[in-house]
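Here the sequence shown is numbered in UniProt numbering, starting from 1 and rising by one per residue.
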Amino acid sequence: MPNISQPQSFENTTLAARNQMANMDERIEAEQIRHIYSQTPIFVPMVIPGALLSILLLWSATTPFIAISWCAWIWMIYAGLWFLSRRWKKANVDDKSMRAWALPYIIMGWLATASWGLIGVLFFHADSFVYQSLLIIILVIGSAAITATSTAYSPTFYSVVLMVLPLMIRLLIENTFIYQLLAVGLFMFLIMLIFLHRNSHAFYASSLKQRFMNEELAEQLALQKDIAEQANISKSKFLAAASHDLRQPLYALRLFLDELRQTENEEKSRDLLMDHMDESINGMNDLFNGVLDVSRFEAGVVNTNLKHFCVDELFDSLREEYTIRAHAKGLRFRCLPCSATVISDPILLRRIVRNLLENAIRYTHAGGIVLGCRRKSGFICLQVCDTGIGIADENLQYIFDEFQQLDNPEGDSAKGIGLGLSVVKQLASVLNHELMVDSIPEKGAVFSLMIPLGYAQQVVTDATKDARVIIDNLDNACVLLINDVEDKLQASSSENLHELLLTWGSNVLPASNVETAQNIVKSPEYLPEIIILDCGLNCQQVDVELINKLRTEKSMNIPAVLIAENIAENHAETLGKNGVKFLIKPVNPVRFATLLRFLLN
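Dropping the structure here:
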């Protein structure tokens, strides 16, 4: 079920990039916090004996009460850190909630570091250089430990200042050169730790970012691999179903031809066989059109002609046909009036609605079908509702696949070929119209298409232009028809175009090759109003160059139509840039005539 978004603007692209960077920063910060929490159970057990050893070494530097109280306080603080890490582990915190756990850890960490810094004051003995040396050794070891364990997260590292600063100030207060020199040494040691941390932290953050980017690339690669494998499976199913459905009408056609050869002067039998042959040919034509449509969608060569038009115009063109078809099956058909104006391609939109109505009639055996629309937030919601067999929830994701028919496991081609909804999905994607489906099994289904609202003032101009096209005909139109094919079968197709143009009253100037076409254009007797180039199987760059050369000969921008069985995406873009329209074989006469009328006017 496609949900097509509009093309992103530069601002939207920039915003998306910023959001992606913000998500990356969030992941990095979460991993840093996760790292310090995971290290806590490792270093806390080392602090307990470390604090005890410190007071034993400095026991004579202060009173027993202060020494025991300080040691008990240290144990209590680190016990709190340990319990906090246990709670964090049990909480199984995700990335978005990780920042909330950072603050309590930072508070506890700074409090613990400040408590270690107190020994620089509580255990300071001015008359003993040995005690001062022990204090410095203890604090240097503690500072190094903090630097090592806080590489991942800077807010916990900078608490090291509180560990060194009290002793450094106390040494400066003493009016002794050696103590002041020790204070300067501690300050330089602190600066060195800060630079060391900044470098190691930057390297750690960079490695995290690289790791996450690699993980995202691996996920995208796996996703693209799954998409490619699914596309390969779908293509195999597509070709298998297409070959099966192609063989059926061809086999039937051969049987009818054999029977026709054996039928002698039985007009009714011959007519009946001709009808059957016509049905087989129509079936093949529908299949070829469906397969070619899917191929064109995949190649991206479907051009759109967006304009403002009234929905009632679309409904009026469908009302009578589907009323008759629904009644023939014993169904009710209601086409509700809709005076709203929309912006879309009327031809492609009509194709979507026709396919949805065909699908509704095929799968509705009792009740009725309703075609209508309603306004919704700047859009028209066009809906096709039926009381058919409905669609189970587990099948909703498959109904838009090629050759997918949920109630036709035996592959009966009389029930369709399974391309209708696939074409609907592709056309909705091309037009940027959101397509939705709601269904209840055995109750029916509702297909909805969101189409942007248009302006009624714009319809007047288009209606005037369309009216002029309809009124005009092809009588006496001078048409240069170039047959640029060598294959006999393709050449006969070009001859059919010649005969068709003659029946429409056109003056046809046939050219069997490029030289003849150039001679016709150079002649002052002829002034082609339109150029038609039948280039057979594939469009080539030289075909476009030929049209431009013929235009140059007459110094006129003569309208041109190129007809081929296949037109690549790059050639379609070239044709569009040069103002050349194109048609894909087999050519529908009505569409062909409409295009010629449009170009001539």
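No residue lacks a Cβ here, since even glycine has one placed at the ideal position from N, Cα and C.
For K425, the number of other beta carbons within 10 angstroms of its own is at least 16, and it is reported as buried. As DSSP reads the structure, N507 sits in a beta bridge with C478.
The residue among R27, K329, L595 and I352 with its C-alpha nearest the C-alpha of I451 is I352. Here the alpha carbon of E358 sits roughly 38 Å from the alpha carbon of D543. In terms of Cα proximity to R198, the closest of D226, S150 and Y179 is S150. Between the segment 359-367 and the segment 427-434 there are fewer than three inter-stretch CB-CB distances shorter than 8 Å, so the stretches are not counted as touching. The beta carbons of V508 and V479 sit closer together than 8 Å. Counting only runs of 4+ residues, the alpha helix (DSSP H) found wholly inside the segment 71-152 occupies 95-117, 119-122 and 129-149, in chain order. Linking L139 to L190 through their CA atoms gives a straight-line distance of about 11 Å.
Distance from L583 to I558 at the Cβ level is roughly 17 Å; contact not present, criterion being Cβ atoms closer than 8 Å.
8 Å or more divides the Cβ of I42 from the Cβ of Y153.
The C-beta distance from A326 to I380 rounds to 23 Å, too long to fall under 8 Å, and the pair is not in contact.
Segment contact: the segment 154-164 against the segment 100-118, three or more CB-CB distances shorter than 8 Å; contact assigned. In terms of Cβ geometry, L58 and I119 form a close pair [threshold 8 Å]. Look at T323 here: in three-state DSSP terms it is helix. In this structure, K585 sits near E565, with a CB-CB distance shorter than 8 Å. For E553, the uninterrupted alpha helix (DSSP H) run begins and ends at Q541 to K554, by DSSP. I532 is bridged by DSSP to L481 and V561. Around E229, the same chain offers no residue with a beta carbon nearer than 7 Å, after the five sequence neighbours per side are excluded.
The shortest C-alpha to C-alpha distance from R27 to any of S523, F212, A67 and A61 is the one to F212.
Sequence-distant Cβ neighbours of I440 in its own chain, meaning closer than 6 Å and more than five residues away, are G390. Between the C-alpha atoms of A112 and L221 there is a straight-line separation of about 46 Å. For E31, the closest of Y204, W82, S555 and V459 by C-alpha to C-alpha distance is Y204. When the five nearest sequence neighbours on each side are left out, the beta carbons in the same chain lying within less than 8 Å of the beta carbon of S128 are those of A61, in order along the chain. If you check the CB distance, L533 and A560 come in under 8 Å. Each of R34, E499, E545 and S85 was checked against the Cα of K96, and the nearest Cα belongs to R34. In this structure, the straight-line span from the alpha carbon of I173 to that of V184 is close to 12 Å. Classified as exposed, Y455 has fewer than 16 neighbouring CB atoms from the shown chains inside 10 Å of its CB.
In this chain, the alpha helix (DSSP H) harbouring I520 covers V514 to K522. With a cutoff of 8 Å on beta-carbon distance, A340 and C373 are scored as near each other. Taking a C-beta distance under 8 Å as the contact criterion, L162 and W110 qualify as a contact pair. Taking 8 Å as the cut-off, the beta carbon of G579 is found no closer than this to the beta carbon of N303. Close CB contacts of I399 within its chain, under the 8 Å cut and outside five residues either way in sequence, are with I391, L406, L421 and V437 (chain order). Short of 8 Å from the beta carbon of I74, and not among the five residues preceding or following it, lie these beta carbons of its own chain, in chain order: V47, A51, A112, S115 and W116. Taking C310 as the centre and dropping the five residues before and after it, the same chain places the C-beta of S339, T341 and V459 closer than 7 Å to its C-beta, in chain order. In the three-state DSSP reduction, P45 falls in the helix class (H, G or I).
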